[in-house]
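Chemist: The structure's right below; bear with me while I get my questions together.
Chains as they are written, first to last, in the numbering used here: chain A, 437 to 734; chain B, 437 to 734.
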């Protein structure tokens, strides 16, 4: 197996691209895919300040590394979510990565700052922990980005994530979610623009990118997310992809280029005011995060 | 395991309906599902004449049996497609079924009537045999229905078929196919109405219906269709269904009730004239079936 570009020994084959690459050409391929995503979906404009939502896992660290490799001086932010050893280790991977490179990383610990963590929030709300966790992350990443004067929040969602979420939304015809599912979600009052620079790279590619780039990352899956529905969607898509390489990429790209517009009107933008607790934009009086904090902080 | 309706010993459980049924209550359940499909999608009006497209497999025989059980005096039609023993056996199952019940069945043999068969058509066109086979069936079932004064052509597509086709159309965002994918396709000049009365019954249910009803059917899959893409889509959906029973039914029903309208304008109706060969409606001068016959008949 030889590298398609330089004919050296290849270290990875990508059936979807009908190609194999050596280490350096593979890293170049990853940069090229991120550059194309940034261009196609107008993710970052010249001179804008970018904050990367870092978890300590392969995707968010690859995202940060690749943005920097493309000349975008992004900063990072990690949230200590209080999910035992898993969160402690995740934060440590993020810190080690940032310190070794001298890149600015903000660390926000929810227990220290807000008096609760994901397990206590899940218990207090009697809902699945992923709900409280997602709400906390969306709120804090946006809030810190706004306060820090950032224009863009970049997340590490990869092609498999996007395809699995899209499949779930399509299987249940979640029209409002389909209307919102875009690689670039424009900013508006109180919200920074949100972008997904890794949407052209599969999970396998981001993992390989970290390995060949010497990036140490949290390999464990979150212990609270075990058995969640998206894993079944990923497995289903992997079965189809194995038989027809490129299906996932065509599914996601075709949705954005052709089908998304058909759902765009399904979600009218609600009118937002400022949360009386924290000032964040909210359709009500108190935002969902402050309501969660009120119930969960003990 | 007890029957949900009568508490007798159950012979089948249906996780999607959170139910188990004895033989008689299961057959009643199947009739009920077909009756609901007929009503929901206005498939057959009082007094209309219905022709069932019969293959000799479980779905088409169950479809015919269930329509008759609901008081619709449907006739049948089977096409001898010339795919060796497979076609011979399929036609025999259809004949035996019809004769045992005294129900009218028309048999059209493509080799006798048109001088070609599916294998020679596939060879002549150098395309996948499923293309020539589908074209032949669509053309002849419609033509015979029109000539015989039928109002409606009923096919045995079940829930798994519909869900797999829908998944394939969604994965590739085939907007024109999505616009056409409906349980009832209205008739127009030269085309009878086409309906799918089994869309609320899974493959497993139609097979079980045949078994408990003493209907002998062709169990073999068509030898020319092996490895076709829809099998991968069915497997993918089965994996999701196993974890979340009801997903397939919600996927198909939600598409029709909510999403289909978003694609409806993707396929403007072409203007049709009469084929100079056979008189069938066609957008060109000679219809696709006559062109196929011209190339394949030897």
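Note that the Cβ used here is the ideal one computed from N, Cα and C, for glycine as well. Quick caveat: nothing in here was measured; it's all calculated off a predicted structure.
Can you name the residues of chain A whose CB is closer than 9 angstroms to the CB of residue 539 of chain B?
Modeler: Going along chain A, no residue has its Cβ under 9 angstroms from residue 539 of chain B, so there is no contact; the nearest lies around 38 angstroms.
Chemist: Can the beta-carbon of residue 763 of chain B be found closer than 8 angstroms to that of residue 515 of chain B?
Modeler: Residue 763 of chain B lies beyond the stretch modelled for chain B, which goes from 437 to 734, so this question has no answer here.
Chemist: Kindly provide the ranges of any alpha helix (DSSP H) runs that are 4 or more residues long and lie completely inside the stretch 538 to 600 of chain A, ordered along the chain.
Modeler: List check, alpha helix (DSSP H) in window: 546 to 550, 554 to 561 and 565 to 583.
Chemist: Between the stretch 661 to 693 of chain A and chain B, which residues of the former have CB atoms less than 8 angstroms from a CB of the latter, in chain order?
Modeler: Answer set for the stretch 661 to 693 of chain A: 665, 668, 669, 671, 672, 673, 675, 676, 679, 680, 683, 686, 687, 690 and 691.
Chemist: If I measure Cβ to Cβ from residue 615 of chain B and keep anything under 7 angstroms in the same chain, skipping five residues before and after, which residues do I get?
Modeler: Excluding positions up to five away in sequence, the list reads 699, 700, 702 and 703.
Chemist: Is it buried or exposed, residue 612 of chain B, if we count other Cβ atoms within 10 angstroms and call 16 or more buried?
Modeler: Exposed: under 16 other Cβ atoms inside 10 Å.
Chemist: Among A:648, A:649, A:588 and A:647, which residue has its Cα nearest to the Cα of residue 619 of chain A?
Modeler: Here the closest residue by C-alpha is A:588.
Chemist: So which residues of chain A does residue 609 of chain B contact, with C-beta pairs closer than 7 angstroms?
Modeler: What residue 609 of chain B touches in chain A: 690, 691, 694 and 695.
Chemist: For residue 470 of chain A, which of helix, strand or coil comes out of DSSP?
Modeler: Residue 470 of chain A: helix per DSSP, three-state reduction.
Chemist: Are the C-beta atoms of residue 514 of chain A and some chain B residue less than 8 angstroms apart?
Modeler: Closer than 8 angstroms: no.
Chemist: Relative to the alpha-carbon of residue 503 of chain B, which residue among B:487, B:725 and B:462 has its alpha-carbon at the smallest distance?
Modeler: Among B:487, B:725 and B:462, the Cα nearest to that of residue 503 of chain B is on B:487.
Chemist: Taking just the CA atoms, how far does residue 443 of chain B sit from residue 498 of chain B?
Modeler: One C-alpha to the other measures close to 25 angstroms.
Chemist: Just checking: is the beta-carbon of residue 698 of chain A within a distance shorter than 8 angstroms of some beta-carbon in chain B?
Modeler: Chain B contact via Cβ: present.
Chemist: Among A:593, A:469 and A:628, which has the Cα closest to the Cα of residue 585 of chain A?
Modeler: The shortest Cα separation from residue 585 of chain A among A:593, A:469 and A:628 belongs to A:628.
Chemist: Which first and last residues belong to the beta strand (DSSP E) in which residue 648 of chain B is found?
Modeler: Unbroken run through residue 648 of chain B is the alpha helix (DSSP H), 639 to 648; no beta strand (DSSP E).
Chemist: Can you have a look at residue 437 of chain B and say buried or exposed, based on whether 16 or more other CB atoms are within 10 angstroms of its CB?
Modeler: Exposed: under 16 other Cβ atoms inside 10 Å.
Chemist: Which same chain residues, not among the five before or five after residue 726 of chain A, have their C-beta less than 7 angstroms away from its C-beta?
Modeler: So the list reads 711, 713 and 714, once near-sequence residues are dropped.
Chemist: What residues from chain B crowd round residue 606 of chain A, counting only those whose CB sits closer than 8 angstroms?
Modeler: Those are 606 and 687, listed as they occur along chain B.
Chemist: Rounded to whole angstroms, what's the CA-CA distance from residue 635 of chain A to residue 574 of chain B? Just pull it up for me.
Modeler: If you take the alpha carbons of residue 635 of chain A and residue 574 of chain B, they lie about 41 angstroms apart.
Chemist: Spatial neighbours of residue 560 of chain B within its chain, please: CB distance less than 7 angstroms, with the 5 preceding and 5 following residues excluded, ordered by chain position.
Modeler: If we look at residue 560 of chain B and ignore the five residues flanking it on each side, its Cβ neighbours are 731 and 732.
Chemist: Quick one: what does DSSP say residue 629 of chain A is sitting in, helix, strand or coil?
Modeler: In this structure, residue 629 of chain A counts as strand in the three-state DSSP scheme.
Chemist: Output the distance between the C-alpha atoms of residue 473 of chain B and residue 531 of chain A, rounded to the nearest integer angstrom.
Modeler: Straight-line Cα distance between these residues: approximately 59 angstroms.
Chemist: In the DSSP output, what is residue 676 of chain B paired with across the bridge?
Modeler: None; residue 676 of chain B has no bridge partner.
Chemist: From residue 456 of chain B to residue 476 of chain A, what does the alpha carbon distance come to, in whole angstroms?
Modeler: Residue 456 of chain B and residue 476 of chain A: Cα-Cα distance of roughly 52 angstroms.
Chemist: With C-beta atoms as the reference, is residue 609 of chain B less than 8 angstroms away from residue 695 of chain A?
Modeler: Taking 8 angstroms as the Cβ cut-off, residue 609 of chain B and residue 695 of chain A qualify as a contacting pair.
Chemist: Measure the C-alpha to C-alpha separation of residue 492 of chain B and residue 533 of chain B and round it to an integer number of angstroms.
Modeler: Whole-angstrom Cα-Cα distance: 8 angstroms.
Chemist: Rank A:460, A:507, A:529 and A:666 by C-alpha distance to the C-alpha of residue 482 of chain A and give the top, closest one.
Modeler: With distances taken between Cα atoms, residue 482 of chain A lies closest to A:507.
Chemist: State the DSSP-derived secondary structure class of residue 606 of chain A, mapped to helix, strand or coil.
Modeler: Note: residue 606 of chain A maps to helix in three-state DSSP.
Chemist: What residue range is occupied by the uninterrupted alpha helix (DSSP H) comprising residue 457 of chain A?
Modeler: Run containing residue 457 of chain A: none in the alpha helix (DSSP H); it sits in the beta strand (DSSP E), 455 to 457.
Chemist: Under a three-way DSSP split, which group does residue 502 of chain B fall into?
Modeler: Correct three-state label for residue 502 of chain B: helix.
Chemist: Of the choices A:633, A:673 and A:591, whose alpha-carbon is the least far from that of residue 469 of chain A?
Modeler: Ranking the options by Cα distance to residue 469 of chain A, first place goes to A:633.
Chemist: Are residue 570 of chain B and residue 496 of chain B close, meaning C-beta to C-beta below 8 angstroms?
Modeler: Contact: no.
Chemist: Tell me whether the stretch 660 to 680 of chain B and the stretch 657 to 677 of chain A touch, counting them as touching only if at least three CB pairs, one residue from each stretch, are closer than 8 angstroms.
Modeler: Yes, they touch.
Chemist: Measure the alpha-carbon distance for residue 605 of chain B versus residue 596 of chain A and round it to whole angstroms.
Modeler: Taking the straight line from one Cα to the other gives about 19 angstroms.
Chemist: Using three-state DSSP, classify residue 527 of chain A as helix, strand or coil.
Modeler: It is helical.
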